[in-house]
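Residue numbers (mature numbering (1 follows the signal peptide of the UniProt record, and there is no 0)): -16 to -1, 1 to 202. Cβ coordinates follow ideal geometry from the N, Cα and C atoms, glycine included. The structure under discussion appears below in the form of structure tokens.
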């Protein structure tokens, strides 16, 4: 068995009571996706994420907390049904960011697939590394860290995902709004994480000091 994450290109929320249960996308699967993203965003924000280039990635001053988006999920699910391990066009995904992952394990438990995929994307920081200036250049992108950078892109605040059982693989995909991975931009603003709402410098954002994340308004 092998797994392959596909590089992320430059690029409304709720559980089953809000998002219809479609093709195994249950509360549990959705929660795993969004919780793993926020777990890693917290790890980075607190300066606890190991960096291949030495030490840990710098702390994040105003990392946004992600929420799960039903419309994004529906779009990702429609594309995942095609069972193509390749990015579709920006237009087809409404110019959202996108990460893809596959494993040759067929009919993999969808909650496990959610956990494994986000973990694989985030592992690029420890396995390949990002420079301390935290700016996404083509040189940095070509290190093969595009999944990681999308997972922790500061301004990506909504995520929707799909897990599809294909003939010869289990395919996983997530899409993000706002899209990340803009060349020349900071992956996130560095600095001490928020202690109070004003630190977020974001209209109506609420500081979650425990998670070191800023919760944007819905």
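In this structure, residue 106 sits away from residue 86, with a CB-CB distance that is not shorter than 8 Å. Residues 26, 29, 30 and 177 of the same chain have their beta carbon placed closer than 6 Å to that of residue 196, with the five preceding and five following residues left out of the count. For the 8 Å CB-CB criterion, residue 48 and residue 149 do not form a contact. By the criterion of at least three beta-carbon pairs nearer than 8 Å, the stretch 33 to 53 is in contact with the stretch 107 to 124.
Around residue 95, the same chain offers 12, 13 and 16 as residues with beta carbons nearer than 6 Å, after the five sequence neighbours per side are excluded. Between residue 60 and residue 130, the CB-CB gap reaches or exceeds 8 Å.
Secondary structure of residue 134 (DSSP, three-state): helix.
Under the three-state reduction of DSSP output, residue 171 falls in the coil class, being neither helix nor strand. Assignment of residue 37 by DSSP, reduced to helix, strand and coil, places it in the coil class.
Taking residue 93 as reference, the option from 135, 153, 136 and 72 with the minimal CA-CA separation is 153. Counting only runs of 3 or more residues that sit fully inside the stretch 1 to 69, no beta strand (DSSP E) segment turns up. DSSP places residue 121 in no alpha helix (DSSP H); its state is neither H nor E. Going by C-alpha positions, residue 188 is about 7 Å away from residue 200. For the pair residue 128 and residue 111, the Cα-to-Cα distance works out to about 10 Å. A Cβ-Cβ distance of about 6 Å is found for the pair residue 142 and residue 56, placing them in contact under the 8 Å criterion.
For residue 78, the CB contacts under 7 Å within the same chain, skipping 5 residues up- and downstream, are 59 in chain order.
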